[in-house]
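Chemist: For reference, the structure I am asking about is given below.
2 protein chains.
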Amino acid sequence: MQNGNHASLVKTLAKSIKDRENGNHSAETKEKPESHPINGGDDSKSYAQNSSYQKGVIEAAKREIVQAIKEKLDIEKVWPRRFVIADFGCSTGPNTFLAMQNIVEAVELKNKSLQQSPTIDFHVFFNDLVDNDFNTLFKSLPSHPRYFVAAVPGSFYERLFPKASLDLANSSYALHWLSKVPKEVGDQNSVAWNKSKTYCSGSKKEVTEAYFAQFRKDLNRFLDARAEELVGGGLLVIQLPGVPRGALPFNTGAGFIQELLGPCLFEMADLGFISHEKVHSFNSPMYFPSIEELDLAIKGNGHFTAERIKILNHPMQHLPFDAKMTCLQTRSIFEGFIKDHFEIDIVDQLFDLFAKKLEESCSIFYQEIRKDVDLFVLLKRVC
Amino acid sequence: MQNGNHASLVKTLAKSIKDRENGNHSAETKEKPESHPINGGDDSKSYAQNSSYQKGVIEAAKREIVQAIKEKLDIEKVWPRRFVIADFGCSTGPNTFLAMQNIVEAVELKNKSLQQSPTIDFHVFFNDLVDNDFNTLFKSLPSHPRYFVAAVPGSFYERLFPKASLDLANSSYALHWLSKVPKEVGDQNSVAWNKSKTYCSGSKKEVTEAYFAQFRKDLNRFLDARAEELVGGGLLVIQLPGVPRGALPFNTGAGFIQELLGPCLFEMADLGFISHEKVHSFNSPMYFPSIEELDLAIKGNGHFTAERIKILNHPMQHLPFDAKMTCLQTRSIFEGFIKDHFEIDIVDQLFDLFAKKLEESCSIFYQEIRKDVDLFVLLKRVC
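From first to last, the protein sequence lines are chains A and B. Reminder that position 256 of the first sequence reads as 256 in UniProt numbering, one-by-one numbering, no gaps. Reminder that position 36 of the second sequence reads as 36 in UniProt numbering, one-by-one numbering, no gaps.
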């Protein structure tokens, strides 16, 4: 999972405030991407142990992938060489292994369905930021994968592979992490200042526009890089959380979690654990797009044809809401992020508070989670 | 760095002893390779901070590599695609980056010397065992390498890449680590029992023969795997410690270090820190071959032509002996290995003792290190 640069935001905001104090309102900060990986390792608070929702997305996408590869992959072009797959934003597993296995099986299925199909060597590359816990990823590899394994450290908003070296690229639940929070949402002098919220809730038009502009810019960079790396006709498969047409992030499960996290942070400030200023400068670097917004961004890029953009039917949509699991999942994603921003370890207290609020909100959450939307996107590199 | 499986040896020996006790002398143990990586991280006891000798080997090999690539690489075959390099047994850096940079520069030099040479994308793969500290490797990557980076976890005695996917393979100071210690050197009933030593000192013919047989078997597996992975005409560059013609490992610096380590272990047993039995079952999984032995093993494999096998002129050969540095280097390599074998942490006491013995032996060591031999091997994949 790639989460961009919350600390960068903090620094940007800090400098912005300092610049204003010094009368230098127009000063631009250097926006070098930073990273705050989700929880590594394999313990009870790790992402590896708390990513069953994301697993569900991969399960839901399997049928789509099988169909996509059957209908859209020009496999004859691959013969007689190897088939190269990369997962962008792989995190520490085990979901990435499931996603890769699904793709390998789908390609093998298509290959075997054709006459005189040769055996294909699969080469699978796992990508995430340099700070990702690759040691854990490697130690949890399947014992006998049907592919050769490699890992690639670095931001997927940049080039990571030689030209035309990939046959298929995948990204599951990663592209909603922005490379950075848009500067103006933390700027008290901007019309897009996100005053009372700590994420893009959708309640203020200018904030949403600033977030979407950043999302579109980032997606464009991602697509530009993958367009160079994929062979002509190569497939790009994306799954990410989105919003239904006309809905606000607040109405989705993923948004609601962040809606709850904000008041917890303000309460922590009221209790004196952290400063109110620090809470005001906290903004989540996530954006949940609609199908229409995605379509607009992809068409604007021009390197890919959108073969399919649809809403997945998540297997957990109809399960009762599990507050404990949701709390652990949220913590595994936000812990490093929060520690970096507040520069003191407040996560135990914060998530005790969050757990209580989550329990109290069970009934609301259970209704709202039905509006969760996981998007499936299939793109084909223009030859 | 790949060190095979000392714990596996221990288990083999333990089971062998138990089998003998049970009257089951012919029982074979399952010889699954295990790994005991050199010290990870980047602190004062890490391999990363204590591998200046190995760095010297890479520096000494640079001139050879430039010449080898100039004369032996069929670079026109690469056009217009990418050039793929893998370093087998990369450890945690920084030496591997230097080795890769030297190769990339040499290939670029050759490419530019030819008319109408296109720009080549370099793809560099860093390989080591799954237990290697890849997180440290990634965090210490050069900031703007002239190549795309990937890592491959796994034993280089097995296949790690798709068929014909590499243009050049390198292995610096890794192939002297055996996949396992030959069983018979720990077997009291064998003529090859290595009774009073803890490494292959060369003082007993049967022990040396058993070690060489294992080295040859391992090298053969390495060459078989690389032969599949390299393109026809692809180059394989190897550097490893060896022995001069007619000399014994005891006469080399690397051998002498192990010669000193043995008595330290026996002294630790006399002091009651560890059992004598455990020391008797301790054998180093390293072998330092001669040029003649290497030549024999390579010819026996048959997949490669030996373009060059020669002794390198190490830049540190004529420096005064540095006992402190040698102690830290030895510890960074053997620490994990020793902890695994003795199952208790005795390394601080052991290396205090070792440091004293090393200081006392300075004059001998300084004479003997002149006989250190670093071998450079250039092989070409038969088309």
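Built from N, CA and C at the ideal position, the CB exists for glycine as well. Every value quoted in this text rests on a predicted model; they were computed, and no experiment measured them.
#1: Check whether the segment 352 to 365 of chain A and the segment 42 to 54 of chain A are in contact - that is, three or more C-beta pairs closer than 8 Å.
#2: Curious, which full-length alpha helix (DSSP H) runs of at least 4 residues does the segment 291 to 355 of chain B contain?
#3: How would you label Val-258 (chain B), buried or exposed, when you count the other beta carbons within 10 angstroms and need 16 or more for buried?
#4: Against chain A, which members of the segment 133 to 152 of chain B pass a CB distance test of less than 8 Å?
#5: By Cβ distance below 8 Å, which residues in the same chain neighbour Ala-150 (chain B) in space, the five residues on each side in sequence not counted?
#6: Just checking my contact of Val-377 (chain A) with Val-243 (chain A) at CB under 8 Å: how many whole Å lie between their CB atoms?
#7: What does a CB cutoff of less than 7 Å around Thr-208 (chain B) pick up in its chain, not counting 5 residues either side in sequence?
#8: Ends of the alpha helix (DSSP H) at Val-66 (chain B)?
#9: According to DSSP, simplified to helix, strand and coil, what is Gln-188 (chain B)?
#10: Step through the CB atoms of chain A and report whether any lies within less than 7 Å of the CB of Arg-82 (chain B).
#11: Within its chain, find whatever has a CB closer than 8 Å to the CB of Asp-133 (chain B); leave out the 5 residues flanking it on each side and keep chain order.
#12: Counting only Cβ-Cβ distances shorter than 9 Å, please list the residues of the segment 160 to 186 of chain A near chain B, keeping chain order.
#13: Let me know if Leu-265 (chain B) comes out buried or exposed under the rule of 16 or more other beta-carbons within 10 Å of its beta-carbon.
#14: Does the beta-carbon distance from Ala-60 (chain B) to Asn-313 (chain B) come in below 7 Å?
#15: Rank A:Glu-229, A:Met-286, A:Pro-289, A:Pro-320 by C-alpha distance to the C-alpha of Arg-381 (chain A) and give the top, closest one.
#16: In this structure, what does DSSP give as the bridge partners for Ala-86 (chain B)?
#17: Determine the direct distance from the alpha carbon of Val-231 (chain B) to that of Asp-74 (chain B), and round the result to whole angstroms.
#18: DSSP on Lys-148 (chain B), reduced to helix/strand/coil?
#19: In the structure shown, what three-state DSSP assignment does Ile-238 (chain B) receive?
#20: In terms of residue numbering, what span does the alpha helix (DSSP H) encompassing Leu-223 (chain A) cover?
#21: Using a beta-carbon distance cut-off of less than 8 Å, what residues from the segment 113 to 126 of chain A approach chain B?
#22: I believe Asn-102 (chain A) touches Asn-194 (chain A) by the beta-carbon criterion, under 8 Å. Please report the beta-carbon distance rounded to the nearest angstrom.
#23: Quick check on DSSP: helix, strand or coil for Leu-137 (chain B)?
#24: For Phe-97 (chain B), which of helix, strand or coil comes out of DSSP?
#25: If I measure Cβ to Cβ from Gly-233 (chain A) and keep anything under 7 Å in the same chain, skipping five residues before and after, which residues do I get?
#26: How about Val-130 (chain A) and Pro-153 (chain A): do their beta carbons lie closer than 7 Å?
#27: Closer than 9 Å by beta-carbon distance: list the chain A residues that pair up with Val-130 (chain B), in chain order.
#28: Are the CB atoms of Leu-328 (chain A) and Asn-111 (chain A) within a distance shorter than 7 Å?
#29: Mind checking who Trp-193 (chain B) pairs with in its DSSP beta bridge?
#30: Tell me, which residues are paired with Pro-153 (chain A) by DSSP?
#31: Pull the bridge partners of Leu-378 (chain B) from the DSSP assignment, please.
#32: To the nearest angstrom, report how far apart Ala-174 (chain A) and Val-181 (chain A) are at their CA atoms.
#33: If you drop the 5 nearest sequence neighbours on each side, which residues of the same chain put their C-beta closer than 7 Å to that of Gly-302 (chain B)?
#34: Measure from the alpha carbon of Ile-65 (chain B) to the alpha carbon of each residue in B:Pro-142, B:Asn-170, B:Tyr-147, then state which is nearest.
#35: Does the beta-carbon of Leu-109 (chain B) have 16 or more other beta-carbons within 10 angstroms, so that it is buried, or is it exposed?
Modeler: Reading off the structure:
#1: The segment 352 to 365 of chain A makes no contact with the segment 42 to 54 of chain A, as fewer than three CB pairs between them are under 8 Å.
#2: Qualifying alpha helix (DSSP H) stretches, in chain order: 291 to 301, 323 to 342.
#3: As a first step, residue 258 (chain B) must be located in the second sequence, where it is residue number 258. Reading off the sequence shown, one finds Gln at residue 258 (chain B), where the question assumed Val. Buried, by the Cβ-count rule.
#4: Residues passing the 8 Å Cβ filter: Asp-133, Phe-134, Asn-135, Phe-138, Lys-139, Leu-141, Phe-148, Val-149, Ala-150, Ala-151, Val-152.
#5: Taking the second sequence and counting its residues from 1, one reaches residue 150 (chain B) at position 150. So the qualifying residues of the chain are His-123, Val-124, Phe-125, Phe-126.
#6: For the purposes of this step, residue 377 (chain A) is taken as the residue at position 377 of the first sequence. For the purposes of this step, residue 243 (chain A) is taken as the residue at position 243 of the first sequence. Their Cβ separation, rounded to whole angstroms, is 15 Å, which puts Val-377 (chain A) and Val-243 (chain A) out of contact at 8 Å.
#7: Position 208 of the second sequence, counted from the start, is the residue given in the question as residue 208 (chain B). Cβ-Cβ distances below 7 Å link Thr-208 (chain B) to Cys-200, Gly-202 in the same chain, with the five nearest sequence neighbours on each side left out; the list follows chain order.
#8: Numbered from 1 along the second sequence, position 66 holds the residue referred to as residue 66 (chain B). Note, Val-66 (chain B): alpha helix (DSSP H), 52 to 72.
#9: As a first step, residue 188 (chain B) must be located in the second sequence, where it is residue number 188. Three-state result, Gln-188 (chain B): coil.
#10: Taking the second sequence and counting its residues from 1, one reaches residue 82 (chain B) at position 82. Closer than 7 Å to some Cβ of chain A, the Cβ of Arg-82 (chain B) qualifies, so yes.
#11: Here residue 133 (chain B) refers to the residue found at position 133 of the second sequence. So the qualifying residues of the chain are Pro-37, Gly-40, Gly-41, Thr-92.
#12: Cβ contacts with chain B: Leu-160, Phe-161, Pro-162, Lys-163, Ala-164, Ser-165.
#13: If you number the second sequence from 1, residue 265 (chain B) lands on position 265. Leu-265 (chain B) should be labelled buried.
#14: Taking the second sequence and counting its residues from 1, the one referred to as residue 60 (chain B) is at position 60. Taking the second sequence and counting its residues from 1, the one referred to as residue 313 (chain B) is at position 313. Taking 7 Å as the Cβ cut-off, Ala-60 (chain B) and Asn-313 (chain B) qualify as a contacting pair.
#15: Locating residue 381 (chain A) in the first sequence gives position 381, where the first residue counts as 1. Ranking the options by Cα distance to Arg-381 (chain A), first place goes to A:Glu-229.
#16: For the purposes of this step, residue 86 (chain B) is taken as residue 86 along the second sequence, with counting starting at 1. B:Phe-125, B:Ala-169, per the DSSP bridge assignment.
#17: Counting from 1 along the second sequence, the entry for residue 74 (chain B) is found at position 74. Counting from 1 along the second sequence, the entry for residue 231 (chain B) is found at position 231. When rounded, the distance between both Cα atoms is 11 Å.
#18: Translated into the one-based positions of the second sequence, residue 148 (chain B) becomes position 148. Here residue 148 (chain B) turns out to be Phe, not Lys, going by the sequence shown. Annotated three-state conformation of Phe-148 (chain B) is strand, per DSSP.
#19: Stepping through the second sequence from its first residue, residue 238 (chain B) is reached at position 238. Strand.
#20: Taking the first sequence and counting its residues from 1, the one referred to as residue 223 (chain A) is at position 223. Where Leu-223 (chain A) is concerned, the enclosing alpha helix (DSSP H) stretches over 205 to 229.
#21: Under the 8 Å Cβ criterion, the segment 113 to 126 of chain A contributes Asp-121, Phe-122, His-123, Phe-125.
#22: Here residue 102 (chain A) refers to the residue found at position 102 when the first sequence is read from its first residue. Here residue 194 (chain A) refers to the residue found at position 194 when the first sequence is read from its first residue. In this structure, Asn-102 (chain A) and Asn-194 (chain A) do not form a Cβ contact; the two beta carbons are roughly 38 Å apart against a cut-off of 8 Å.
#23: Reading the second sequence from its first residue, position 137 is the one you call residue 137 (chain B). Leu-137 (chain B) falls in the helix class under three-state DSSP.
#24: Mapped onto the second sequence, residue 97 (chain B) falls at position 97. Phe-97 (chain B) falls in the helix class under three-state DSSP.
#25: Mapped onto the first sequence, residue 233 (chain A) falls at position 233. Same-chain partners within the cutoff: Asp-74, Lys-77, Lys-380, Arg-381, Cys-383.
#26: Taking the first sequence and counting its residues from 1, the one referred to as residue 130 (chain A) is at position 130. Taking the first sequence and counting its residues from 1, the one referred to as residue 153 (chain A) is at position 153. Taking 7 Å as the cut-off, the beta carbon of Val-130 (chain A) is found closer than this to the beta carbon of Pro-153 (chain A).
#27: Your numbering for residue 130 (chain B) matches position 130 in the second sequence. Asn-135, Phe-138, Lys-139, Leu-141, listed in chain order.
#28: In the first sequence, residue 111 (chain A) corresponds to position 111, counting from 1. In the first sequence, residue 328 (chain A) corresponds to position 328, counting from 1. Not closer than 7 Å, so no.
#29: Locating residue 193 (chain B) in the second sequence gives position 193, where the first residue counts as 1. Looking at the DSSP assignment, Trp-193 (chain B) forms no beta bridge with any residue, so it has no partner.
#30: As a first step, residue 153 (chain A) is located in the first sequence; it is residue number 153 there, counting from the start. In DSSP, Pro-153 (chain A) forms a bridge with A:Asp-128.
#31: Your numbering for residue 378 (chain B) matches position 378 in the second sequence. Paired residues: B:Val-237, B:Arg-308.
#32: The sequence position of residue 174 (chain A) within the first sequence is 174, counting from 1. The sequence position of residue 181 (chain A) within the first sequence is 181, counting from 1. Within the model, the alpha-carbon separation for Ala-174 (chain A) versus Val-181 (chain A) is close to 15 Å.
#33: Counting from one through the second sequence, the residue named residue 302 (chain B) turns up at place 302. Once the five neighbours on either side are set aside, Gly-302 (chain B) has no close Cβ partner at all.
#34: The sequence position of residue 65 (chain B) within the second sequence is 65, counting from 1. Answer by Cα proximity: B:Asn-170.
#35: Stepping through the second sequence from its first residue, residue 109 (chain B) is reached at position 109. Flag for Leu-109 (chain B) reads exposed.
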